[in-house]
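Student:
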Amino acid sequence: MKQGYKIAVFGGDGIGPEVIREGKKVLEAVSERENFELQWIDYPNGGEHYLRTGELLSEGTLKELERCDAIYFGSIGDPRVEPGILERGILLTLRFYFDQYVNLRPVKLLEGVPSPLAHHGHDIDFMVVRENTEDFYVSIGGRVKGNKSSKEVELIRNLYNIKFKLDIESDADELAYQIGVITREGCERVMRFAFELARKTGKKRVTSVDKANVLTEGYGFWREVFNDVAKDYPDIETEFNYVDAMCMWLVKNPEWYKVVVAPNMFGDIITDLGAMIQGGLGLAPGANINPDGVSMFEPIHGSAPKYSGKGVSNPIATIWAGAMLLENIGESRASEIVLHAIEAVLRDGKVRTYDLGGKSKTSEVGDAIVSAIKAV
0 MKQGYKIAVF GGDGIGPEVI REGKKVLEAV SERENFELQW IDYPNGGEHY
50 LRTGELLSEG TLKELERCDA IYFGSIGDPR VEPGILERGI LLTLRFYFDQ
100 YVNLRPVKLL EGVPSPLAHH GHDIDFMVVR ENTEDFYVSI GGRVKGNKSS
150 KEVELIRNLY NIKFKLDIES DADELAYQIG VITREGCERV MRFAFELARK
200 TGKKRVTSVD KANVLTEGYG FWREVFNDVA KDYPDIETEF NYVDAMCMWL
250 VKNPEWYKVV VAPNMFGDII TDLGAMIQGG LGLAPGANIN PDGVSMFEPI
300 HGSAPKYSGK GVSNPIATIW AGAMLLENIG ESRASEIVLH AIEAVLRDGK
350 VRTYDLGGKS KTSEVGDAIV SAIKAV
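Numbering (numbering that gives the first Met the number 0) for the sequence shown: 0 to 375.
#1: Going by beta carbon distance, what residues of the same chain come within less than 7 Å of Ser-148, once the five residues before and after it are set aside?
#2: Could you check the C-alpha separation between Ile-178 and Phe-163 for me, to the nearest Å?
#3: Can you find the residues in the same chain that come closer than 6 Å, C-beta to C-beta, to Asp-122, ignoring five residues on each side of it along the sequence?
#4: Whole angstroms is fine: what's the gap from Asn-102's alpha carbon to Ser-114's?
#5: Buried or exposed for Trp-221, please, with buried defined as at least 16 other CB atoms from any protein chain shown within 10 angstroms of its CB.
#6: Let's test the definition: count the other Cβ atoms within 10 Å of the Cβ of Tyr-159 and tell me whether it reaches 16, buried, or not, exposed.
#7: Quick one: grab the DSSP three-state call for Tyr-232.
#8: Specify, as a first and last residue, the run of the alpha helix (DSSP H) that Asp-243 falls within.
#9: Can you list, in chain order, the residues of its chain whose CB lies under 8 Å from that of Val-375, leaving out five sequence neighbours each side?
#10: Could you tell me the distance, in whole angstroms, from the CA atom of Tyr-176 to the CA atom of Asn-146?
#11: Looking only at its chain, what residues have a beta carbon closer than 8 Å to the beta carbon of Thr-206, apart from the 5 residues adjacent to it on each side?
#12: Classify Thr-182 as helix, strand or coil using the three-state DSSP reduction.
#13: With a 10 Å radius around its C-beta and 16 neighbouring C-beta atoms as the bar for buried, classify Asn-34 as buried or exposed.
#14: Return the first residue and the last residue of the alpha helix (DSSP H) that Val-160 is part of.
#15: Name the one or two DSSP bridge partners that Pro-284 has.
#16: Take the Cβ of Ile-89 as the centre, count every other Cβ of all protein chains shown within 10 Å, and call the residue buried at 16 or more, exposed below.
#17: Helix, strand or coil: which one does DSSP assign to Lys-92?
#18: Compute the Euclidean distance between the alpha carbons of Arg-346 and Ala-322, then round it to the nearest angstrom.
#19: Along the chain, where does the beta strand (DSSP E) that runs through Ile-75 open and close?
#20: Determine the extent of the beta strand (DSSP E) in which Gly-11 is found, giving its start and end residues.
#21: Thinking Pro-284 and Ala-320 are a contact (beta carbons under 8 Å), I'd like their distance in whole angstroms, please.
#22: On a CA-only basis, which of Leu-61, Glu-195 and Met-275 is nearest Val-112? Give me that one, please.
#23: Quick check on the burial criterion: 16 or more other C-beta atoms within 10 angstroms. Buried or exposed for Glu-133?
#24: Does the stretch 6-22 come into contact with the stretch 38-48, if we say contact requires no fewer than three beta-carbon pairs (one atom in each stretch) closer than 8 Å?
#25: Between Ala-377 and Ile-328, which are expected to be in contact by the criterion C-beta below 8 Å, what is the C-beta distance as a whole number of angstroms?
#26: Could you tell me which residues DSSP puts in a beta bridge with Met-126?
#27: On a CA-only basis, which of Gly-273, Val-224, Val-242 and Glu-54 is nearest Val-213? Give me that one, please.
#28: Return no unless some Cβ of chain C is closer than 8 Å to the Cβ of Leu-108.
#29: So, under 8 Å CB-CB, Arg-129 and Asp-267 are touching, yes? Tell me the CB distance rounded to an integer number of Å.
#30: Let me check one thing: in DSSP terms, what residues is Lys-203 bridge-paired to?
#31: For Glu-21 versus Ser-362, is the C-beta distance shorter than 8 Å?
#32: So is the beta-carbon of Val-258 under 7 Å away from any non-hydrogen atom of the ligand GTP?
#33: Assuming Leu-324 and Tyr-71 are in contact, meaning their beta carbons sit under 8 Å apart, how far apart are those beta carbons, in whole angstroms?
#34: Any idea which residues DSSP pairs Phe-35 with across the strands?
Next up, the structure:
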């Protein structure tokens, strides 16, 4: 009897459904080759659904997703919807509800891919482990216009509950504030994930990113916890980079890095830089991981509504994210086959979308990767 997996699918907005379609096509091809089954469960949630129904994510949908083995996510973002509503109401809700505390981003320059740093060759191959549930992304903030303001906020996580009572007195005309939260529990688990990943992949250096010289409390605390966790991994080399210096060194010597672990905001920034190092957002996959629960896999690009329906978008980031999904559910060989097929198509250079200097359609890239899988 074939092993079967239930995969929830959110095509989302803009080019999301187009690139997800190619991802599903590739994963179906490799599942047939490797003799396992994927059951796709499609969800309509996104901008169009929100505008039509007013719904972002219902409690019933979240409960249904608990019974799935993974989530395959296209993209969200609709110019008709106020910025932040879809991101907070769908994407961040999924991350927080399923406690997907690791955002994992491979940054690898594949052969045949144009890049501003191509002269470094194919030694560019590192992983960014971004803490995914804390820092300034906990959405605690507000604006004050007037002399006084009082507010109570509760932060509920699987690890803890935190209550803030904020009493603000000000003679400024108007102010805005944003509170970041970093806990020992949150730091330790993502840092241990990074060290274990370094051991598993043979990448013997972990670089911690912070800004402890200026934001001394939050990121100084991050650094303290990193030092404590590192004591349990004497076989792994460690170092610190301030985030601004990190961005500089990523451009100058990207081949130096092996595994990078960063707080949420800094990880968000440096992974976009990593995407350009490896050839652009069309080649940049991401994973939101709970090692003991439901994880979600997606390209890191947005919905790009101006390209919607044109069939010109690069689906490789989504297909690569699908390979990460396969690794996560235990189909490691199938994951490797997909990655080798991606590399083969890029190396051949005959089928490329506009962002890589070609004229191929989105579906043609998916077809070429399927053909490469069947040729293995």
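Here a beta-carbon is modelled for each residue, glycine too, at the ideal position from N, C-alpha and C.
Bear in mind that the values here come from a model prediction, so they are computed numbers and not experimental data.
Tutor: In brief:
#1: Stepping through the sequence shown from its first residue, residue 148 is reached at position 149. Here the set comprises Ile-167.
#2: Position 179 of the sequence shown, counted from the start, is the residue given in the question as residue 178. Position 164 of the sequence shown, counted from the start, is the residue given in the question as residue 163. So the alpha carbons of these two residues sit roughly 10 Å apart.
#3: Walking along the sequence shown from the start, residue 122 turns up at place 123. Once the five neighbours on either side are set aside, the close Cβ partners of Asp-122 are Glu-254.
#4: Locating residue 102 in the sequence shown gives position 103, where the first residue counts as 1. Locating residue 114 in the sequence shown gives position 115, where the first residue counts as 1. Taking the straight line from one Cα to the other gives about 24 Å.
#5: If you number the sequence shown from 1, residue 221 lands on position 222. Buried, by the Cβ-count rule.
#6: Position 160 of the sequence shown holds residue 159. That one is exposed.
#7: Along the sequence shown, one-based indexing puts residue 232 at 233. Three-state DSSP puts Tyr-232 in coil, outside helix and strand.
#8: The sequence position of residue 243 within the sequence shown is 244, counting from 1. Asp-243 -> alpha helix (DSSP H) spans 242-251.
#9: The sequence position of residue 375 within the sequence shown is 376, counting from 1. Shown here for Val-375: same chain residues with a beta carbon closer than 8 Å to its own, the five before and five after excluded, namely Arg-32, Ile-336, His-339 and Ala-340 in chain order.
#10: Indexing the sequence shown from 1 puts residue 176 at position 177. Indexing the sequence shown from 1 puts residue 146 at position 147. When rounded, the distance between both Cα atoms is 15 Å.
#11: In the sequence shown, counting from the first residue as 1, residue 206 sits at position 207. Answer for Thr-206: Thr-237, Glu-238, Phe-239, Asn-240, Met-245, Tyr-256, Lys-257, Val-258, Val-259 and Val-260, listed in chain order.
#12: Your numbering for residue 182 matches position 183 in the sequence shown. Of the three classes helix, strand and coil, the one that applies to Thr-182 here is coil, per DSSP.
#13: For this step, residue 34 is matched to residue 35 along the sequence shown. In the assembly as shown, Asn-34 is an exposed residue. Its beta-carbon has fewer than 16 other beta-carbons within 10 Å.
#14: Your numbering for residue 160 matches position 161 in the sequence shown. In the sequence under discussion, the amino acid at residue 160 is Asn, which differs from the Val named in the question. Taken as a continuous stretch (DSSP letters only), Asn-160 belongs to no alpha helix (DSSP H), being part of the beta strand (DSSP E) at 160-168.
#15: Position 285 of the sequence shown, counted from the start, is the residue given in the question as residue 284. Beta-bridge pairing links Pro-284 to Pro-298.
#16: As a position in the sequence shown, residue 89 is number 90, starting the count at 1. With 16 or more other Cβ atoms within 10 Å, it is buried.
#17: By one-based count along the sequence shown, residue 92 stands at place 93. In the sequence as displayed, the identity of residue 92 is Thr instead of Lys. In the three-state reduction of the DSSP assignment, Thr-92 falls in the helix class.
#18: Position 347 of the sequence shown holds residue 346. Position 323 of the sequence shown holds residue 322. Spanning the two alpha carbons is a distance of roughly 18 Å.
#19: One-based indexing of the sequence shown puts residue 75 at position 76. Run containing Ile-75: none; DSSP gives neither H nor E here.
#20: As a working mapping, residue 11 is identified with position 12 in the sequence shown. Taken as a continuous stretch (DSSP letters only), the beta strand (DSSP E) holding Gly-11 covers 2-11.
#21: Mapped onto the sequence shown, residue 284 falls at position 285. Mapped onto the sequence shown, residue 320 falls at position 321. Confirmed, about 4 Å.
#22: For the purposes of this step, residue 112 is identified with residue 113 of the sequence shown, where counting begins at 1. Cα-wise, what sits closest to Val-112 is Met-275.
#23: As a first step, residue 133 must be located in the sequence shown, where it is residue number 134. Under this definition Glu-133 is a buried residue.
#24: yes
#25: The requested residue 377 is not part of the displayed model; the chain covers only 0 to 375.
#26: Residue numbering aside, residue 126 sits at position 127 when the sequence shown is read from its first letter. DSSP, once it has assigned bridges, lists Pro-105 and Val-258 as partnering Met-126.
#27: Here the question's residue 213 lines up with position 214 in the sequence shown. When each option's Cα is compared against that of Val-213, the closest is Val-242.
#28: No chain C appears in this structure, which consists of one protein chain only.
#29: Stepping through the sequence shown from its first residue, residue 129 is reached at position 130. Stepping through the sequence shown from its first residue, residue 267 is reached at position 268. That pair is a contact at about 7 Å.
#30: Counting from one through the sequence shown, the residue named residue 203 turns up at place 204. DSSP output for Lys-203 lists no bridge partner at all.
#31: Position 22 of the sequence shown, counted from the first residue, corresponds to residue 21. Position 363 of the sequence shown, counted from the first residue, corresponds to residue 362. If you check the CB distance, Glu-21 and Ser-362 come in under 8 Å.
#32: Questions concerning the ligand GTP fall outside what the structure shown contains, since it holds no ligand whatsoever.
#33: In the sequence shown, counting from the first residue as 1, residue 324 sits at position 325. In the sequence shown, counting from the first residue as 1, residue 71 sits at position 72. Distance from Leu-324 to Tyr-71 at the Cβ level is roughly 6 Å; contact confirmed, criterion being Cβ atoms closer than 8 Å.
#34: Reading the sequence shown from its first residue, position 36 is the one you call residue 35. Its beta-bridge partners are Gln-2.
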